[in-house]
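Participant: Sequence lines, in order, name chains A and B. Every number in the working numbering is 39 more than the matching position in the first sequence, counting from 1. Every number in the working numbering is 39 more than the matching position in the second sequence, counting from 1. Don't be surprised by glycine CBs; every beta carbon is placed ideally from N, CA and C.
Number of protein chains: 2
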Amino acid sequence: MKEYKEKVHETLTTYKNEGINLLKRLVNERSVQNHEESVQAIVIEYLRSLGLQIDVWEPDINELKAHPAFVSTRETFKGSPNVVGLLRGSGGGRSLILNGHIDVVPEGDIAWWDSNPYEAVVKDGKVYGRGATDMKGGNVSMLLALKVMKELKVSLKGDVIFQSVIEEESGGAGTLSCILRGYKADGALIPEPTNMKIFPSQQGSAWFRIKVKGRSAHGGTRYEGVSAIEKAQKVLHHLNMLEKIRNEEITSPLYKNVPIPIPINVGKMSGGSWPSSVPDEVVLEGRLGIGPHESIHEAKKMVETSLLTLSEEDEWFALHPAEVSWFGAHWLPSEVEETHPLIKCLTDAYSLTYNEEPTVEASPWGTDGGLLTNCAKTPAIIFGPGVTEVAHFPNEYIEIESVFEAAEIIALTMLDWCGVKE
Amino acid sequence: MKEYKEKVHETLTTYKNEGINLLKRLVNERSVQNHEESVQAIVIEYLRSLGLQIDVWEPDINELKAHPAFVSTRETFKGSPNVVGLLRGSGGGRSLILNGHIDVVPEGDIAWWDSNPYEAVVKDGKVYGRGATDMKGGNVSMLLALKVMKELKVSLKGDVIFQSVIEEESGGAGTLSCILRGYKADGALIPEPTNMKIFPSQQGSAWFRIKVKGRSAHGGTRYEGVSAIEKAQKVLHHLNMLEKIRNEEITSPLYKNVPIPIPINVGKMSGGSWPSSVPDEVVLEGRLGIGPHESIHEAKKMVETSLLTLSEEDEWFALHPAEVSWFGAHWLPSEVEETHPLIKCLTDAYSLTYNEEPTVEASPWGTDGGLLTNCAKTPAIIFGPGVTEVAHFPNEYIEIESVFEAAEIIALTMLDWCGVKE
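1) Whose C-alpha, out of A:Trp365, A:Leu381, A:Glu354 and A:Trp151, is nearest the C-alpha of Lys252 of chain B?
2) Starting from the C-beta of Gly259 of chain A, find all residues in its chain whose C-beta is less than 8 Å away, skip the five residues before and the five after it, and write them out in chain order.
3) Between the Cα of Pro230 of chain B and the Cα atoms of B:Gly458, B:Glu447, B:Asn60 and B:Leu454, which residue gives the shortest distance?
4) So, under 8 Å CB-CB, Asn101 of chain A and Val204 of chain A are touching, yes? Tell me the CB distance rounded to an integer number of Å.
5) For the stretch 394 to 414 of chain B against the stretch 289 to 306 of chain B, are there 3 or more C-beta pairs whose distance is under 8 Å?
6) Of the residues that make up the stretch 309 to 320 of chain A, which ones have a beta carbon closer than 9 Å to any beta carbon in chain B?
7) If the cut is a Cβ gap below 9 Å, which residues of chain A does Ala105 of chain B touch?
8) Is any beta-carbon of chain A found at less than 9 Å from that of Gln79 of chain B?
9) Inspect the CB distances between the stretch 415 to 423 of chain B and the stretch 259 to 272 of chain B and report whether three or more fall short of 8 Å.
10) Using a cut-off of 8 Å between C-beta atoms, extract the partners of Trp246 of chain A located in chain B.
11) Between Thr386 of chain A and Lys162 of chain A, what straight-line distance do the alpha-carbon atoms span, to the nearest angstrom?
12) My understanding is that Tyr464 of chain B touches Val166 of chain B, with C-beta atoms under 8 Å, so please give their C-beta distance in whole angstroms.
13) How would you label Glu354 of chain B, buried or exposed, when you count the other beta carbons within 10 angstroms and need 16 or more for buried?
14) Check the DSSP bridge columns for Tyr167 of chain B and list the partner residues they point to.
15) Quick one: does His431 of chain A have its CB under 9 Å from some CB of chain B?
16) May I ask you to verify whether the stretch 323 to 343 of chain B touches the stretch 198 to 215 of chain B, counting CB pairs closer than 8 Å and requiring at least 3?
17) Using a Cβ-Cβ cutoff of less than 6 Å, which residues in the same chain neighbour Cys414 of chain A once the five nearest sequence positions on both sides are dropped?
18) Could you pull the DSSP bridge partners for Trp96 of chain B from this structure?
19) Cutting at 6 Å between CB atoms, please list the residues of its own chain near Val82 of chain A, excluding the five before and the five after it.
20) Is the CB-CB distance between Ile382 of chain B and Ile200 of chain B below 9 Å?
21) Applying a beta-carbon distance threshold of less than 8 Å, which residues of chain B neighbour Thr427 of chain A?
22) Would you please state the rounded distance, in angstroms, between the beta carbons of Ile303 of chain A and Leu323 of chain A? I believe it to be under 8 Å.
23) Apart from the five residues on each side of it in sequence, which residues of its chain come closer than 7 Å, Cβ to Cβ, to Trp365 of chain B?
24) Secondary structure at Gly131 of chain A, three-state DSSP: helix, strand or coil?
25) Between Gly132 of chain B and Lys196 of chain B, is the Cβ-Cβ spacing less than 9 Å?
26) Count the other CB atoms within 10 Å of the CB of Ala357 of chain A; is the residue buried (16 or more) or exposed (fewer)?
27) Helix, strand or coil for Arg248 of chain B per DSSP?
28) By the three-class DSSP mapping on this structure, what secondary structure does Val297 of chain B have?
29) I'd like to know if Ala271 of chain A contacts chain B, where contact means its C-beta is closer than 9 Å to some C-beta of that chain.
30) Consider the Cβ of Ile153 of chain B: report whether some Cβ of chain A lies at a distance smaller than 9 Å.
31) Once you ignore the five residues that flank Val305 of chain B on each side, which residues in its own chain have a CB closer than 7 Å to its CB?
32) Along chain B, in chain order, which residues have C-beta atoms closer than 7 Å to that of Asn304 of chain A?
33) Rounded C-beta distance between Leu65 of chain B and Asn155 of chain B? I'm assuming under 8 Å.
34) Do the CB positions of Ile136 of chain B and Leu228 of chain B come within less than 9 Å of each other?
35) Should Gly168 of chain A be flagged as near chain B, meaning a C-beta pair shorter than 9 Å?
36) Please report the straight-line C-alpha distance between Ser119 of chain A and Lys63 of chain A, rounded to a whole angstrom.
Below, the structure written as structure tokens:
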């Protein structure tokens, strides 16, 4: 691999502008759920320029619905294609899936953004815009790594399967559809924003909805009613305690630098219908982090059982229990052994580029790696440019340098893992 | 007055069915804001049968807007008439306004109702339906009292001005329009559901909206963000403390049986947009109870100033203060001296009917009495059938007996207050 280091680096330097422009074009497309077609067109165009064999299809909702890991709020994926580009190997090498999602989360309150989230701005060595970090930057790193293969005219032994998938932010239907289409490999790399850390295991997650009951009354005699907002505060407090208990159980050294390895996040809260009435219902919606060692089922059960104990501190909950349901998306947790040879390749490539050892940690969030590892028997490692801290944030950005460094490391890993035909 | 007691009682007994049917007809009209025309038609028909001089008009939004006490979310009152019926006195007596609102609050979640809220049901001596207690029952008591005057062929010395007004539930634009049209009197009676208690002073109220800021982040690294829901809990706790402080200041014996004389009710809460994001804003909406001794301005100022001190316990609020605004409706507080002669008339009438002394208390909510007392110099007393506990509730009802007892007391009060020409 060492012999390629300089050549890979030099080639990437030549394509600086091309890489930045590609990233800007991807960011400029508002590829939130159900609006992925135009951004995939750009990906297709680029894969075509690399000479890859291209596979484009709209996931089949009926086929997906039959799979136990499927989740989506959608009833059709019409207009939302997956894109795969295949770099066929000469044979005898290990195959590699390069997987990246092309969908982004909504921009949120536009007032918090310094500029239009869908007009990428280059400033101080960064590209700003929704999706720059999560994860169009990582997608560009992979595409640049593929570009390098073409420019260096190397012939890899193993296949490289590049996947630009939809729906990751809503539960992974895009990657699941790739799996159902038959795509699998000896290993997978997903350049989600790990800030160049290597994540062999990842947190799963599931979305919950909790209904908290009250009893309505006129606000002027609010003591005649029971405020669902007040009761919801007890539920929130309880969830905080539960989060504490769940995280005390996590002792893996992969989490030693993570303040809350598997958080319980309440993302939405709404209740009441009239300012001068006592609110009779509050709905909380949130995300339960699930440890790599847990099953989704076990983790959900723990929340359900725990909330039942609310009646011990407040008898209101005995008659009106907080009702939990699970909806929308979930992401499977997963664990790849630290001794897996793909981690060795990645670590070596990292050390060649940075002259230091990488950090190996657990991911604070779920990715499509859970599906690849569990449902496609394709051990997936998460490693990419960009920092979690700005993902899903206003003024999301990515350091341009990191996109190219990740491209270099991915290219070197590809060469090592797939093998080069002399 | 004593000499009329039996005659009034007997006459009312004769009109039992007529009274119940009238109440049912009023309840059957869904007279929520902007839908008051058909119910007013029934009132007009009844006033006509009593031979009263009738005044019907749609309040003039431009005239109202010029008045400092005006509040409404509406831009026109087209199709929403006020109705006044005048029983002209022979002269030399005190005049009396009988004021009742004909609008009702929305029915809320229909699933909580045992039957259609707008198909009045008579059961176990009660009439069920939206508005039965608040306050179509009280309106029927007044109309029956007027009926008695006609049937007994008494000639009152003072004028009686019966007002069937719109918009009380949204801030009193209907009564304010009566005032601007020139209606005033030596005293006013409003039969809101006091459960036959006499309320000489009343709580005012104002609606607030509080915006609480957070900072968004991915739920999997929620420690990178600041949850607006968590910060809102501090605001809620602060409002609770403020409510406690404000209520400790209330020492009037009129409040001795009221658990929270001037509550702060948070009726709505909503925030966040995505289950797996840290919410960056929460909006609270509620009702501030205002003491009879306070001005609306003073009370608002107290809330605004108090919320500023949140920064002392959490520096987040120093940079991101909770933003208070006031919207929608407000109701003026008001106070009529306990020695006012109308209270004496009412107390005497009550004692004649029930053979016991009435309870004199402060009202736990605002009524149009605030406008009459403050803006029309017409001291308004609140006294009526029905119980607050079911107002604004599903399965709202009123005890039929109480409607007729209130009619009797109102009739006797009218005779005493206005005087009878021999």
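Facilitator: According to the structure shown:
1) Per the Cα distances, A:Trp151.
2) Result list for Gly259 of chain A: Ser315, in chain order.
3) Answer by Cα proximity: B:Glu447.
4) Incorrect: roughly 19 Å between the Cβ atoms, too far for contact.
5) In the pairwise beta carbon analysis, the stretch 394 to 414 of chain B is classified as touching the stretch 289 to 306 of chain B: at least three pairs are separated by under 8 Å.
6) If the cut-off is 9 Å between Cβ atoms, the stretch 309 to 320 of chain A has Ser309, Gly310, Gly311, Ser312, Trp313, Pro314, Ser315, Ser316, Val317, Pro318, Asp319 and Glu320 near chain B.
7) Within 9 Å Cβ-Cβ: nothing; Ala105 of chain B doesn't reach chain A, min ~26 Å.
8) No, because no Cβ of chain A sits closer than 9 Å to the Cβ of Gln79 of chain B.
9) Counting Cβ pairs under 8 Å, fewer than three are found: no touch.
10) Here the neighbours are Pro314 and Ser315.
11) In a straight line, the C-alpha of Thr386 of chain A is about 31 Å away from that of Lys162 of chain A.
12) Look at the range of chain B in this structure, 40 to 461, and you will see that residue 464 of chain B is not part of it.
13) Residue burial annotation: Glu354 of chain B is exposed, with fewer than 16 other C-beta atoms found within 10 angstroms of its C-beta.
14) Bridge partners of Tyr167 of chain B: B:Val160 and B:Tyr436.
15) Using a Cβ-Cβ cut-off of 9 Å, His431 of chain A counts as an interface residue toward chain B, since at least one Cβ of chain B sits closer than that to its own.
16) Too few Cβ pairs lie closer than 8 Å, so no.
17) Cβ-Cβ distances below 6 Å link Cys414 of chain A to Ala108 and Ile218 in the same chain, with the five nearest sequence neighbours on each side left out; the list follows chain order.
18) B:Asn121.
19) These residues qualify, in order along the chain: Val122 and Ser203.
20) Taking 9 Å as the cut-off, the Cβ atoms of Ile382 of chain B and Ile200 of chain B do not count as close.
21) By Cβ distance, chain B contributes His257, Gly259, Thr260 and Glu263.
22) Taking a contact as a CB-CB distance under 8 Å, the pair Ile303 of chain A and Leu323 of chain A does not count as one, their CB atoms being some 11 Å apart.
23) Cβ within range, chain order: Ala245, Trp246, Phe247 and Lys339.
24) Correct three-state label for Gly131 of chain A: coil.
25) Yes, Cβ-Cβ distance for Gly132 of chain B and Lys196 of chain B is below 9 Å.
26) Per the 10 Å Cβ criterion, exposed.
27) Looking at Arg248 of chain B - three-state DSSP - the assignment turns out to be strand.
28) Residue state, collapsed to three classes: coil.
29) The C-beta of Ala271 of chain A comes closer than 9 Å to at least one C-beta of chain B.
30) For clarity, residue 153 of chain B is Asp in the given sequence; the question names Ile instead. Chain A contact via Cβ: absent.
31) Result list for Val305 of chain B: Leu275, Leu278, Leu323 and Gly325, in chain order.
32) Chain B residues near Asn304 of chain A: Gly258, Arg261, Ser315 and Val317.
33) About 15 Å separates the CB atoms of Leu65 of chain B and Asn155 of chain B; that is not less than 8 Å, and the two are not in contact.
34) Contact: yes.
35) No, because no Cβ of chain B sits closer than 9 Å to the Cβ of Gly168 of chain A.
36) Taking the CA atoms as reference points, Ser119 of chain A sits about 21 Å from Lys63 of chain A.
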